[in-house]
Every structure is written in structure tokens, then in C-alpha cells.
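In what follows, a structure is listed as C-alpha cells, so that the remarks can point back to it.
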Amino acid sequence: MGMMELGSREKDGKVYYDFMLNRGPQHPGYGPVRLIVKVNGDYIEDARLDPGYVHRGLEKLMEYRTALQNIPLAERACFIDSINSTRAYVMAVEKLVGIEVPEYVEVLRTLAGELNRIVSHLTRLGMAGGAMSQHTAFMRSIKARERALIALEALTGGRYGTEFIIPGGLTNDMPQDLPDIIEREFKKIEERLKDVETVLLKNRIFQSRLIGVGILKPEEAIELGVTGPSLRGSGVRYDVREADGYGYYKEIDFEPVVAEKGDIYEIGDCYARVRVRYQEIRRSMEMVRKLVKIAQSFPKNERKILAIPKPRVATLTFEPGEAYARTERARGEMLYYIVAKKKGPYPYRVKIKSPSPTLMQAFLKLIKGVRIADIPAIHLSLDECPGDLDR
Amino acid sequence: MVFRALLLSLKRFFVSKREVTQIPEEPIERHPNARLQHTLDPMKCIGCRMCERNCPNNAITMVKREELDNPKNRLKIYPQIDYDHCAFCSICVFVCPTGALGHINVAPDPSVPFSEDLIQTPQKMYERYKIKEGEKV
Amino acid sequence: MGMEKRMMLVFFPGATSFILYSMLSMRLERKTLARIHSRIGPKHAGPRGILQTLYDLLKVLIKQLIIPRRADKLAYVIVPQLAIVFLGVALMAMPIRPQGPFLEIPHSLLFVAAVFTAMPVIFAVAARSTMNKYSIMGGARSIISFVAFETAKLVTIASIARLVGSRDLEAILERQNSHGPLALYLPLAFIVLLIVTLVETERPPFDAPEAEPEVAFGLATEYTSVMLAVRIATGYVTLYALSSLLSILFLGGYYGIPIGPIGEKSVRWFILKLAFVTRLFFVLRGGLARYRPDQIARYGRRIAMVLAYINLLRAGYLVLRR
Chain P
1 MGMMELGSRE KDGKVYYDFM LNRGPQHPGY GPVRLIVKVN GDYIEDARLD
51 PGYVHRGLEK LMEYRTALQN IPLAERACFI DSINSTRAYV MAVEKLVGIE
101 VPEYVEVLRT LAGELNRIVS HLTRLGMAGG AMSQHTAFMR SIKARERALI
151 ALEALTGGRY GTEFIIPGGL TNDMPQDLPD IIEREFKKIE ERLKDVETVL
201 LKNRIFQSRL IGVGILKPEE AIELGVTGPS LRGSGVRYDV READGYGYYK
251 EIDFEPVVAE KGDIYEIGDC YARVRVRYQE IRRSMEMVRK LVKIAQSFPK
301 NERKILAIPK PRVATLTFEP GEAYARTERA RGEMLYYIVA KKKGPYPYRV
351 KIKSPSPTLM QAFLKLIKGV RIADIPAIHL SLDECPGDLD R
Chain H
1001 MVFRALLLSL KRFFVSKREV TQIPEEPIER HPNARLQHTL DPMKCIGCRM
1051 CERNCPNNAI TMVKREELDN PKNRLKIYPQ IDYDHCAFCS ICVFVCPTGA
1101 LGHINVAPDP SVPFSEDLIQ TPQKMYERYK IKEGEKV
Chain X
2001 MGMEKRMMLV FFPGATSFIL YSMLSMRLER KTLARIHSRI GPKHAGPRGI
2051 LQTLYDLLKV LIKQLIIPRR ADKLAYVIVP QLAIVFLGVA LMAMPIRPQG
2101 PFLEIPHSLL FVAAVFTAMP VIFAVAARST MNKYSIMGGA RSIISFVAFE
2151 TAKLVTIASI ARLVGSRDLE AILERQNSHG PLALYLPLAF IVLLIVTLVE
2201 TERPPFDAPE AEPEVAFGLA TEYTSVMLAV RIATGYVTLY ALSSLLSILF
2251 LGGYYGIPIG PIGEKSVRWF ILKLAFVTRL FFVLRGGLAR YRPDQIARYG
2301 RRIAMVLAYI NLLRAGYLVL RR
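In C-alpha cells:
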């Protein structure tokens, strides 16, 4: 997959050969995805994607492990935002087996999910700055992300491979000093976010690279199956957290961030998407603060973190049936579809639908006709992840 | 405006607070909850093999250690974790029925000359457990 | 050739100063950027990281020298060195020391401008000779950037010559001695030449020729070992030459206020101004992002050229007022 016919054209008596540019799996400032681009001067005529460099066969591996052992696999679908991905898997398992988790568990799961969303969006903002040679924004975003990771580590015990959400509940309870940690770290994050805003979002050069570039119309976005902030950057108000109302989102009056008509940018261009992500960080921070207060308000005896006894979690058996569940990750909608054919600890088939493949479809459509220099801008504003793409 | 960005960089140039943790001179502050290296309390381990069976990467093997004497542990077997294969998922800690396996918030040092040095014997984990308990007390 | 001249050729502003300047300013750049990013920068290599660039240079030198099979061997090896030679010649013609420049050329301003005009040709040949897609693209972007700002640069230089009434760099220094630094009279010229320096040294915001996500490393993609060191040094030697030119044209060169052992006409003033201008470029890097090549071209043709012409009008006004 991926070889294009390279021909030649004749124009005014001269022969022009097609120029093929390979942004290979080892290209600086990119991920391990291969993009083959046919170029005419500075403009792109055709593009093909050659993914598969990070394929680990997660779906097949999951068929040989129990529900609890599949948690590390479900996390590694996309490492940067692992909690929401695991949550989809665990919700599907719980639906299949018939477990209902207590409210306290939902609150903490939502808290961790929003923290992870902050981490993921900060990573993307930083990488967008780094690709535009704006290293100050990169360093600041990474430092802000470090603070959020410290808060996440205090809550869950891990930074990336968090192993916090398991079928039946959680692995550990919220520590006593979590509210203080969150307040302290969030204050530092806000300082750095202000810096990032000045140096990146309000920077005229950065704006000129992103505004008006890669406009994704709402109808196109829906038709291609784009989800997440990229969809909301085109003005479509669709967020799984609002649509499905899972977890604790309804109780805290969740409102998604949708791009509105702006005075400097157009709806659906790269800047709108980046701005949606930036505002989502702010909104997630608000939600985390609210959730911490709610979690603290639970009396001591109602703080159950497991709905089923601990030994049963390890020996969870599936009854024949199928179930699916979806969550809103930082990149988009993630869906897990689990099928169990016979009674046993292993699932028969697990299908993972991640947001990146559809994002890449949109990417391939958007980069036709733009300049070569716009490829990183569009790529980073769509926020796709190679691990997600290949699984 | 570009000028705001330039002014900010100018300001940061003159008023700069360095926010770096210089490893290894300064230690990284980790929350006590952080799940990194394993600790083992041999007095609690009953040799039920739950950790070995539930590890997703088959990183745990049970080895016979006569010297760690625990009357509840009939076969005198204790877990040995290979950090070459361990994914630090802490499922083993979760499923342990007695709570013998635990965590300490010290990151493993992968810069060892041989991969055999990465194998965490029950003795090593016991030492770490004593350090952790020592800190608590 | 007298002993004095020999010292100039070898030490300052000669070959040794190129190496020293490149190494010190690379380290200074990393330290300055680190301050802006709230980190520390090179610290362990030597006291306060001074030897860092030396170690980097040694590391680069011990790597294997690879010449691509399809590359034009002669051009690949010779042309990057030509860039430094040209810049060295330009530096030799500048009056850096009070005793006068190494090359006593009448109309030295014109000579230096002509040398800089040759740079895009060198880059183009170097890029084409590598026969690598990314280098060729980087070279094409280089040419676009340089050529777009040529007019602005030459018009600004012409305006300075018109105001002073001479094309000789020493005469410009004399005038600054009697009337004060030219930066006060023609501030727009200073700004335009500052921007042109950013273009010629391929720095942000005009670093499209070496934009990592697009063209892996631009011109230098296929260069390893010694050639890579030469290529990186070219960037800094261009900065050296242009900063020297800026110090001479606008800040007064070796003229200064007599303070203690430093006399009124001393090379130490020049070094101070050179350091100031260099550091200015590093600080500017912190807040800027990267332009697209077509945006660079538009910037050069519109903004820079318009500013240069406004500056020319002002220079004319100042001449008429005399």
C-alpha cells in the first residue's frame, strides 16, 4: 500500500516529472507514520498513508488474557490519554458481566479522566509550538503537563500506565492530600498556560500559519466520522460526554466546548481546533476542582472503591453475550465492543474503535491542494496518535 | 501580536526562575502512592501463586527460598519478578490476597550491566520492604 | 606582510576568531534560550558549560564522513567551505581594529554588500549538489528567502551611504565619531538590517530552510562529520559577519567613551557591541514562530521593502536638511 503512479506531464514543450516526497516513519518532528505525498511545486496533489509501524496486535492479544489482565493492553492503545481509553473497556466489561459501580467510583473515574485530558491537550499544544519552532511554548507546555502528571500520580499511582480503573471499580482510593496537591499544581499550570497563550495562541506568526488553513466543513467532518475536538472545531456540537451522559458528567452540568464564529479565525480551520483544545484544558480544570469537592463530600462509610470482592475481579468470567461502550477521549470517541461466545475468563473478540483512523481520513482529504509547509500545521491540529492508528 | 511574545521572552530573559530538577543530584519528589518498585513481606506471603498466574507478561516466577521462613508458606516459594518483562501494571499487588506484595515510590534504575541484574529476587524485595517500613516508623 | 597584519589574519578577525565565535555563541544561544524557557542549558561541560560546543564539535568530527553516491563530490565538499571563505573575505574588509582593516579596499561598504549577495548562489549550488530531495527543497527555500530581502538590504545600504556621503566603512565610522551612532538617525535602517540578518542566518522566524517537520534538516540533511561542522559554523560565521556589520554601521564600531584603560578608539568597544548585537538575536528567538516560505517572500517584498524605502526618504530628508 502506498506506491503511487509517478508519471510525467508535458506542458509547453517541456516535460515535468512528478515529485514524490516521503515523510517516512523516521522523520523528525513526526510520529512513526509514513506519509507519501505527490508534490507539484509547493502544492500537494495527492497523498497516501502507510500506517502500521506501531501495530502490536492488541485486539488479538486481548483474546488470550482475562479481563483484569487486559487492562494494561487497553491502556496502551494510546498511551498519552490512557484513562479514558481504559474506561471504555471497563464500561463494556461491566455491561457484559452485569456490574454496577457505586457513585464514588464514578466521581473518581471522571476526575482521573479529566486530569488525563488536560495532560493530553497540553502535550499537543506543546508539539504544535515545537513544530512551528516556538520552543518557548513547547517548554512551558511540557512543564505545565509535568504538574498535571504529578497530580495524576498522586491520585492513581502512575503517570502514564495508571492502572487505576479496573472492572468493578478502582485500585486505590483518593489520598488525603489530593485537594491540596490539585490546588497547588493547578495554580502553577495556570501561570504557564498564560505564558503559552501569549507566546503561542496570540502570536501573530503562529496565527498566520494556522488561520484559514485546512478548513474542515461540518458536513464533511460528520461524513468522514471525525470526532472529538476536531469535530467541535468545525462547529458541530457533539460530545460523547454530553450525548451519552455516562459517568458523572450529567451531575456536574457538563457543557462541551464548541468553536463559535470568531473574529480572527474561521470555523473549521486549524486555529479553531487548537483553540478548542486550549479552552478544553480550562474547562477540564474547572471540572476537576468541582469533582474533588464532591468526592470529599462523600462520608467515610460510603467510599467504596470496588463493587465486587477483590478475588472475584481476578477471576471474572464472561457469560455469552456482547456489549459495547464508548467514551470521549482527548482525541475523539473511543469504542470497545466485546463479544463472549462461551462461558470463560477470556473474551472471544474485542474490537477497538479509536478516533485516529477517521482523523487521518480527514487529514488526507484536507492536505490536497495545500502547501508542503502546511502539513505539520494540519497534522498537529487534528491531533492523531500513531499508537491509536495502528493499535 | 508578535510584540507581546517578544516582550515576554525579553522579560523571561531578565527575570528567570529556573524550574528544573537536576537529577541525579536532586531527588525527584514522588507521592508515596506512586507505584514503582516492588516490596515483599515474606511473613505475609502464603505462596498461593495468584501473582504468578495473573501477571499479563509472565514476569513472575515462584522460587524456593528456605531461608525466608514462614510457617504459613508450606512450599516455601516466594515471587521473583523480572524487570525485563515487567510492565509495572501492579496487577500482582492488587490480586495478592494477603497484601504481601507492595510498592515503594523509588524508580528502578535500568542502567545495569547485565539483564540478570534486573531480576528482583525475594531477598531484594524484602530489603526494600524494610526500607519502606523504616521510613514509616 | 607585517607582523600586525599576520596577527589579524590568523587571530582576530581571522580564522581563530571564527572558530571561537562559533563555539562561544552556540553555547550562549543555548544558555539564553534556556533562561527564557526557565531551564539551565549546558552546565556540566567545563565551568558553566563553556566547553560544551567543543565537545559537540569533537563528537561530530569523529563520525564517519559519508558522501552520497549520486552527489557531485567536488561541489559537495568544496562549496560549503566556500561560504566561510567568502564571509571571511567580507570580514577582512571591515574596519574592526582602529589600525584599519586587513584589506584596504576603497568603497568597502559596497564590497561587503556584494559578498553577501553571493551567498544564495553558494547555498543553491550546495543544495543541488547533494541530490537529496530534502536538501533541494531546503535550498529552494533558502533562495526564496534571500532573494526576497535583497532589495530591502541594498536600498538600506544605499541610504546609509547617501547619508554619510561615502561608501567607505571607515568614513561611516568617522561620521559616527563626530555625530553620534547612526542608529539614532536611521532607526528604521537598523530594524530592516536586523530583519535581513535574521533571514540571512536562517533564524526564526525565517528558518523555513531548516524546518524540521517539513524538510528534515534542509541543506544539511546529508552532511555528516566535518561537513556538518562546516555547515553549522557557516550559520554562526554569517551571524558574526552581519553582527560586525551592524555594529560598525549603527553602533559606532571601535569608537566609545574613554573609560579608564579602554581608550576612545579601542577594539574592545567593538567586541562589546558585537556581543550585544549577537545576544539580541538570541533573545529574539524566544518569542517567534516560523513563517512559511511564501510568507517570507511576501514579508520581504512588502514589509521589508516598504520600510527600506521609507528609510531612504528619511535619509534624503536628513541630507537635504544639512
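So the protein sequences, as listed, match chains P, H and X.
Here the working numbering is used: position 375 in the first sequence is 375, and no number is missing along the way.
For the working numbering, add 1000 to where a residue sits in the second sequence, where the first one is 1.
For the working numbering, add 2000 to where a residue sits in the third sequence, where the first one is 1.
Glycine included, every Cβ here is placed at the ideal spot set by N, Cα and C.
Small disclaimer: the values here were computed from a predicted structure and weren't measured.
In chain order, A323, Y324, A325, Y336, Y337, I338 place their CB closer than 8 Å to the CB of A92/P, counting only its own chain and leaving out the 5 sequence neighbours on each side. Interface annotation for the segment 1059-1082 of chain H against chain P: empty, criterion Cβ-Cβ distance under 9 Å. Where Q69/P is concerned, there is no enclosing beta strand (DSSP E), because DSSP gives it neither an H nor an E.
From the listed residues G157/P, G169/P, T86/P, the smallest Cα separation to H1031/H is found for G157/P. Nearest CB-CB separation between I2040/X and chain H: below the 8 Å threshold. I2303/X is not a Cβ neighbour of S2145/X, given a cutoff of 8 Å. For the 8 Å CB-CB criterion, Y2255/X and L2173/X form a contact.
Here S1115/H is exposed: its Cβ has fewer than 16 other Cβ atoms, across all protein chains shown, within 10 Å. Chain H places a beta carbon closer than 8 Å to that of A154/P, counting this residue as a contact. Sequence-distant Cβ neighbours of M62/P in its own chain, meaning closer than 6 Å and more than five residues away, are N70, L73, V350.
Its chain contains R2030, K2031, A2034 as the residues whose beta carbon lies nearer than 6 Å to that of G2041/X, once the 5 sequence neighbours on both sides are disregarded; these appear in chain order. Every alpha helix (DSSP H) stretch that sits fully inside the segment 237-288 of chain P and reaches 4 residues is listed by chain position as 240-243. For Y2317/X, the enclosing alpha helix (DSSP H) covers residues 2305-2321. Within the same chain, and ignoring the five residues on either side of Q2081/X in sequence, the residues whose Cβ sits closer than 8 Å to its Cβ are V2230. Boundaries for N40/P: no alpha helix (DSSP H) harbours it, while the beta strand (DSSP E) harbouring it runs 34-40, taken from the DSSP string. Against chain P, a Cβ distance below 8 Å from A2208/X picks out A373. When beta bridges are read from the DSSP output, P1079/H appears opposite M1062/H.
Close to chain P, meaning a Cβ-Cβ distance shorter than 9 Å, are the following residues of the segment 2273-2299 of chain X: R2285, G2286, G2287, L2288, A2289, R2290, Y2291, R2292, P2293, D2294, Q2295.
A2127/X is the residue among A2127/X, A2208/X, M2092/X whose C-alpha sits nearest the C-alpha of D2072/X. At a cut-off of 8 Å, the C-beta of P355/P has no neighbouring C-beta in chain H. As the crow flies, the alpha-carbon of Y238/P is around 27 Å from that of I166/P.
In terms of beta-carbon proximity, E1019/H lines the interface with chain P, with at least one pair separated by less than 8 Å.
In terms of Cβ geometry, G332/P and T227/P form a close pair [threshold 8 Å].
Taking the Cβ atoms as the reference, I294/P lies roughly 6 Å from V107/P, within the contact range of under 8 Å. Contact check between the segment 198-212 of chain P and the segment 255-275 of chain P: three or more CB pairs, one atom from each, fall below 8 Å, which counts as touching. Taking the C-beta atoms as reference points, R2141/X is found no nearer than 8 Å to A2075/X. Taking 8 Å as the cut-off, the beta carbon of M287/P is found no closer than this to the beta carbon of E153/P. Chain H has no Cβ within less than 8 Å of the Cβ of G169/P. For a Cβ distance threshold of 9 Å, residue set M1050, R1053, N1054, I1091, F1094, V1095 of chain H lies close to A314/P, ordered along the chain.
Taking I1046/H as reference, the option from N1070/H, Q1037/H, G1102/H, E1133/H with the minimal CA-CA separation is N1070/H. Listed as beta-bridge partners of N22/P by DSSP are I36/P. The straight-line gap separating the alpha-carbon atoms of S2159/X and V2283/X is approximately 28 Å.
The beta carbon of Q69/P falls within 8 Å of a beta carbon belonging to chain H, placing the residue at that interface. Contact between Y2291/X and Y2299/X is confirmed by a C-beta separation of about 7 Å, below the 8 Å threshold.
Between I142/P and G126/P, the CB-CB gap stays under 8 Å. Assignment of alpha helix (DSSP H) within the segment 1018-1060 of chain H, counting only whole runs of 4 or more residues, yields 1050-1054 in chain order.
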